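Structure first, then comments.
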Amino acid sequence: MKKIMVTGGHGTVGYAIQQIVSREPVEGYRFIFVDIGDANLCSKTATLSLFEKVRPDGVIHLAADVGGLYKNMDHGVEMLEKNLLMNMHIMQCCKEFNVEKLVSCLSTCIFPELSLSDHIRLPIDETMIHMGPPHPSNEGYAYAKRMLDVQSRYYRKQYKQNYITLAPTNIFGPNDNFSTENSHVIPALIRKCHAAMNNGGDFVVWGSGRPLRQFIFSLDVARLFIWAYLHYDEAEPLILSPDESQEVSIATIGQYVADAFGYFKPLMFDTKYSDGQFQRTVSNRKLMERYPDFKFTPLPAAVKKAVDWYRGNFAKARL
Ligand code: GFB
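With the numbering used here applied, the sequence shown covers 1427 to 1745.
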């Protein structure tokens, strides 16, 4: 039985992988979920000790200092430095312990900002990752993740390591980070709508609601990470996203959250908050070529699942 160590094992995607493999075991593999309680990956010593203890055959590296638009805008230094350190230590330890496969996690927010590059067009694809600067709102995080792509390819080329990278679009789902200030948009809206339902207040969406995003349900991401661990072995990143037709405005996703709660008052918009990047439409053509049978969870149903999880687990939700 081979051991796959999942870093960030109790985060949104780590939790989703736990849900999937507990119901649908992957033959020949055992999953070990670790988090900062097991080792602070910003420390090389702690990371080495973790690898000594677990001795994984494979690694799915999800651990990151991650957050939504407003955390990225206010904490660029930490998002850059902590992610560079964690990624460096994971790459080095995977080589030192002869790990047979490493799957690392990028993000679609790291691709070039359309208005800052003459070399890209929408929909963005995997070939464009370094063809211009990322959006200023999450530059620190984006450059740390871009180095993950570079480092992964260098280890493949120089040391013949089977390291791959996957680039999910905006993820949401059960056991998300629901904090008001640091979370991504959907968990933040879930928390705010829940509060509005309970205290009769307004359900306030930050910004204009006009920006566009493609969202992917965490359990879909989990299935795709497991599939990629077993079947994707290419150097180039692979975007994990529903196709362009599934792109929605922030106002629309806010309405999906309201509908899932049965909140019937009009959404309010607070435009003193930044909208961040307006649009970053990505193509999932390459994923569909590699995995044509994959079915994404329809967005309204996925939002309802996330809302239902929150309502049922409110007391233990990460706030
Ligand atoms: O998920 P999010 O915070 O980050 O979404 P990005 C930001 C968009 O949602 C902006 C609007 O247009 C916000 O104005 N929004 C509305 C809100 N209400 C809220 C709210 O209460 N909280 C938040 N956070 N947003 C992410 C990166 O960028 O892209 C992630 O931060 C990841 O790290 C992801 O890479 C793919 O979508 O702008």
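The beta-carbon is built from N, C-alpha and C at its ideal position, and this holds for glycine as well.
The model shown is predicted, which means the values in this text are computed figures rather than measured ones.
Cβ shell of residue i (< 8 angstroms), same chain only, five flanking positions each side left out
i, result
"Arg-1716", "His-1657, Tyr-1658, Leu-1664"
"Thr-1534", "Ile-1550, Ala-1593, Pro-1594, Thr-1595, Asn-1596, Gln-1640, Ile-1665, Ser-1667, Arg-1706, Val-1708"
heavy atom of the ligand GFB below 7 angstroms from residue i C-beta
i, result
"Tyr-1441", "no"
"Phe-1445", "What sits at residue 1445 in the sequence shown is Gln, not Phe. It does not: the Cβ of Gln-1445 is nowhere closer than 7 angstroms to a heavy atom of the ligand GFB."
"Ala-1424", "Summary: the structure shown does not reach residue 1424, with the chain confined to residues 1427 through 1745, and so no result is reported for it."
"Arg-1639", "yes"
"Trp-1735", "no"
"Trp-1653", "no"
"Tyr-1699", "yes"
"Ala-1570", "no"
"Cys-1535", "yes"
"Leu-1615", "yes"
"Val-1631", "yes"
"Asn-1513", "no"
"Lys-1712", "no"
CB-CB length for residue i against residue j, believed under 8 angstroms
i, j, result
"Lys-1602", "Thr-1438", "According to the sequence shown, residue 1602 is Asp rather than Lys. That pair is a contact at about 5 angstroms."
"Met-1431", "Val-1460", "6 angstroms"
"Val-1631", "Leu-1693", "5 angstroms"
"Asn-1466", "Ala-1490", "Between Ala-1490 and Asn-1466 the Cβ distance is about 13 angstroms, and since that is not below 8 angstroms, they are no contact."
"Ala-1732", "Pro-1600", "6 angstroms"
"Phe-1523", "Phe-1477", "5 angstroms"
"Thr-1591", "Asp-1646", "Not a contact, Cβ separation roughly 18 angstroms."
"Cys-1747", "Leu-1488", "Only positions 1427 to 1745 of the chain appear in this structure, which leaves residue 1747 out of reach."
Spatial neighbours of residue i in its chain, beta-carbon cut-off 7 angstroms, leaving aside the 5 residues before and after
i, result
"Asp-1701", "Gly-1633, Ser-1634, Arg-1636, Pro-1637"
"Ile-1546", "Pro-1538, Leu-1540, Met-1554, Met-1557, Gly-1558"
"Thr-1471", "none"
"Glu-1746", "No statement about residue 1746 is possible, as the shown extent of the chain runs from 1427 to 1745 and does not include it."
"Gln-1444", "Phe-1459"
"Lys-1521", "Tyr-1581, Tyr-1585, Gln-1587"
Neighbourhood of residue i by C-beta, 6 angstroms cutoff - its chain only, sequence neighbours within 5 removed
i, result
"Phe-1704", "Pro-1637"
"His-1436", "Asp-1461"
"Ser-1609", "Gly-1494, Asn-1603"
"Met-1499", "Ser-1563"
"Tyr-1682", "Pro-1726, Val-1729"
Three or more C-beta pairs under 8 angstroms: does that hold for the segment 1671-1678 against the segment 1502-1515?
They do not touch, by the three-pair rule.
Taking 8 angstroms as the threshold, find out whether the segment 1618-1631 comes into contact with the segment 1541-1560 through three or more Cβ pairs.
Cβ pair count under 8 angstroms is below three, so no.
Check whether the segment 1565-1579 touches the segment 1599-1619, counting contact only when three or more Cβ pairs, one atom from each stretch, lie closer than 8 angstroms.
Because the criterion of three Cβ pairs below 8 angstroms is not met, the segment 1565-1579 and the segment 1599-1619 do not touch.
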